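Chemist:
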Amino acid sequence: MATQGEYDYFKNIGAGGMHHATHKPWSDSQCGLYLMELGAMMGLMPEGGRLLDMGCGTGWTSVLFAKRGYDVVGQDLVPEAIEAGRRLKQENRIGNLDFVVGDYESLAFKEEFDIVVFFDCLHHAVDEVSALSSAYRALKPGGIVITSEPGLGHERRSAAIMAEFGVTERDMHPAKIIRGARKVGFRKFSVHPHASYLYIALYRRNQHGMLGKLLRVPGMRTLVGLFTVLFSKHQAGIVVLQK
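Take a look at the structure:
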């Protein structure tokens with residue numbers, strides 16, 4: 043069951059925070075990072091089909107998936123977030139997009155979707171196995187779940203956010219996701235490096251501190267990118283689960 047902080051989050055961030063959350067990725071300084079990660083996820087997804095966007099927040103990811111041609115249902119726990127998503131739908135005049143309010147740990151969908159997406163939200167689950175069970179039930183046979191989560195160390199790094207807002211922030215690395223997926227019936231798994239890590243290693247120009255100095259060494263960006271591909275996906279990566 044979600045904490046009260048999860049229900050109250052969008053009230054507590056204020057009008058400015060809500061505007062930022064609604065107009066992502068364009069409102070965020072990490073816009074390129076978000077676009078690269080979502081592009082990588084789309085590359086791992088089948089072309090077209092019905093898509094359930096779990097924990098969609100204000101629905102900006104749902105809008106992008108719908109514009110790409112998927113028939114999308116965006117789900118979130120918080121009514122205020124879903125109302126923001128419905129306004130985005132109207133503003134963008136999108137027909138192939140609907141929204142529902144609900145807890146992704148206990149949804150009633152059954153064999154309705156080709157794809158279920160957890161984008162940066164499964165780490166908010168109190169019980170990730172229940173959330174993955176909801177996803178499994180919602181999928182048609184042969185459908186996939188795709189996740190992009192912050193991975194190891196996230197809970198420690200988010201201590202201030204948890205203290206301020208009372209939200210759930212947990213480590214959600216690939217091994218934990220796959221363990222939970224096995225429990226609910228998934229049998230095929232693959233793990234891929236975060237494209238956002240490659241963005242940071244290979245493409246972002248304005249790095250600061252020791253990392254910035256390191257990446258200015260000739261050839262170092264290529265080596266860091268290779269290291270990212272080989273090793274980082276075990277700490278945090280894109281996970282694909284097939285029913």
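For what it's worth, our numbering labels the leading residue of the sequence shown as 43, then goes sequentially. Just so it is clear, CB atoms sit at the ideal spot from N, CA and C, and this is done for glycine as well. Small disclaimer: the values here were computed from a predicted structure and weren't measured.
1) Using only alpha-carbon positions, find the residue among G222, G144 and H166 that is nearest to P192.
2) Going by DSSP, what residues sit across from G116 in a beta bridge?
3) Alpha carbon to alpha carbon, how far is Y241 from V266?
4) Taking the straight line between their C-alpha atoms, what separation do you get for P67 and H234?
5) Tell me, please, whether the stretch 102-113 touches the stretch 175-183 by the rule of three or more beta-carbon pairs shorter than 8 angstroms.
6) Around the C-beta of V143, are 16 or more other C-beta atoms found within 10 angstroms, so that it is buried, or is it exposed?
7) With DSSP collapsed to three states, give me the class of I280.
8) If you reduce the DSSP assignment to three classes, tell me which class G227 lands in.
9) Residue ranges of each beta strand (DSSP E) run of no fewer than 3 residues wholly in the stretch 121-175, ordered along the chain?
10) Using CA coordinates, which residue listed in T103, G195 and L119 is at the minimum distance from Y49?
11) Sort out for me which residues DSSP pairs S190 with in a bridge.
12) Mind checking which residues open and close the alpha helix (DSSP H) that includes D50?
13) What residue from D162, L106, L149 and D145 has the CA that sits closest to N286's CA?
14) For D62, name the three-state secondary structure that DSSP assigns.
15) Would you kindly report the start and end of the unbroken alpha helix (DSSP H) that includes S104?
16) Considering only their Cβ atoms, is the gap separating H215 from L194 smaller than 9 angstroms?
17) So S238 is in the alpha helix (DSSP H); what residue range does that whole segment cover?
18) With a threshold of 8 angstroms, are at least 3 pairs of Cβ atoms found where one atom belongs to the stretch 152-166 and the other to the stretch 122-140?
19) Measure the C-alpha to C-alpha separation of S104 and A57 and round it to an integer number of angstroms.
20) Cβ of H236 within 9 angstroms of Cβ of R212?
Modeler: This is what the structure gives:
1) H166
2) D95 and F141
3) 11 angstroms
4) Counting only the Cα atoms, H234 lies some 22 angstroms from P67.
5) no
6) exposed
7) Strand.
8) coil
9) If only complete runs of 3 or more residues are kept, the stretch 121-175 shows the beta strand (DSSP E) at 139-143 and 155-161, in order along the chain.
10) L119
11) F161 and I280
12) Q46 to N54
13) Nothing can be reported for residue 286, as the shown portion of the chain is limited to 43 through 285.
14) For clarity, residue 62 is His in the given sequence; the question names Asp instead. Looking at H62 - three-state DSSP - the assignment turns out to be helix.
15) Its alpha helix (DSSP H) spans residues W102 to K109.
16) At the C-beta level, L194 and H215 come within 9 angstroms of one another.
17) A237 to L240
18) Two segments are said to touch when three or more pairs of C-beta atoms, one from each, lie closer than 8 angstroms; by this definition the stretch 152-166 does not touch the stretch 122-140.
19) 21 angstroms
20) No, they are not a contact pair.
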